[in-house]
Amino acid sequence: MAVGQWRMVQTQCRRSDLPRQLADARDAYNRPADACRCCLDRRRRPGLYPVGRGAQRRNGLNTGMPMTLKKYNPETLYSAHGQYYNAIEVPPGTTLIYSSGIIGCDTSGEVIKDAPGQIRQAWLNVKAFLDGTGCLPQDLVRLKMHLTNRANLELSKAARIDALGSHMNAAVTGIVMGLFDPELFIEIDVIAARSD
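Residue numbers (the numbering used here): 588 to 783.
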């Protein structure tokens, strides 16, 4: 049986009396053999997960070693002015992680009202997203930033460096008329790559 396939086995689910399908012990998510599709048994048990660098990072044991991304600024294309890369190649065997729009709100969900505080918090939330997914700032592949006021661009650059360091990646910046909430000054989309 190939990795990632399901084998059909009728059994009792641990959460209900309905028969469920069991996952193969060697499936793509490395679930134990007794985990059914409805449970997905995501509990961490000793010995069930690989011990490679990717597994350590996923389990919160970040090794501090960034993945190697190949970065391009071709001479045949316009200059990136040292602020971003025109293209980044993600090596085979990596997992891409896409964020939703990240905004400048605190952990309770309250939007920060002033522009400098909101922009700073948005970049700190990007850092929290990376930490929560087992990634480093060097694992960023692409950032897409939307600002509602061009005057906040320099403020955003400074807040980004404070939160993530001077690491460069592929980037898109847009000045927009507004975002879904009129109180928002910034929204950031992130794509990160994690080695498995």
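A virtual CB, placed ideally from N, CA and C, is assigned to each residue, including glycine.
Quick check on residue i: buried or exposed, where buried means 16 or more other Cβ atoms within 10 Å of its Cβ?
i	result
Ile773	buried
Val728	buried
Val713	buried
Ser743	buried
Gly765	exposed
Asp718	exposed
Leu664	exposed
Val759	exposed
Nearest by alpha-carbon distance to residue i: which of the options is it?
i	options	result
Leu723	Tyr665, Ser695, Met755	Met755
Val677	Leu656, Lys714, Ser666	Leu656
Phe716	Lys700, Ser687, Asn736	Ser687
Ala745	Tyr659, Arg707, Asn736	Arg707
Asn736	Leu730, Gln725, Pro769	Pro769
Ala750	Glu662, Leu711, Val759, Gln725	Leu711
Gly691	Ala757, Gly704, Asn739, Ile762	Gly704
Ala702	Asn739, Ile775, Thr663, Gln725	Asn739
Tyr726	Ile684, Ile748, Val698, Ile762	One detail in the question is off: residue 726 reads as Asp in this sequence, not Tyr. Nearest option by C-alpha distance: Ile684.
Ala674	Lys700, Arg781, Leu730, Leu771	Leu730
Using 8 Å as the threshold, is the C-beta distance between residue i and residue j below it?
i	j	result
Asp783	Gly696	no
Gly699	Leu734	As written in the sequence, residue 699 is Ile, which differs from the Gly given in the question. Their beta carbons are not under 8 Å apart, which means Ile699 does not touch Leu734 by this criterion.
For the putative contact between residue i and residue j, defined by C-beta atoms under 8 Å, what is the C-beta separation to the nearest angstrom?
i	j	result
Ala779	Thr720	6 Å
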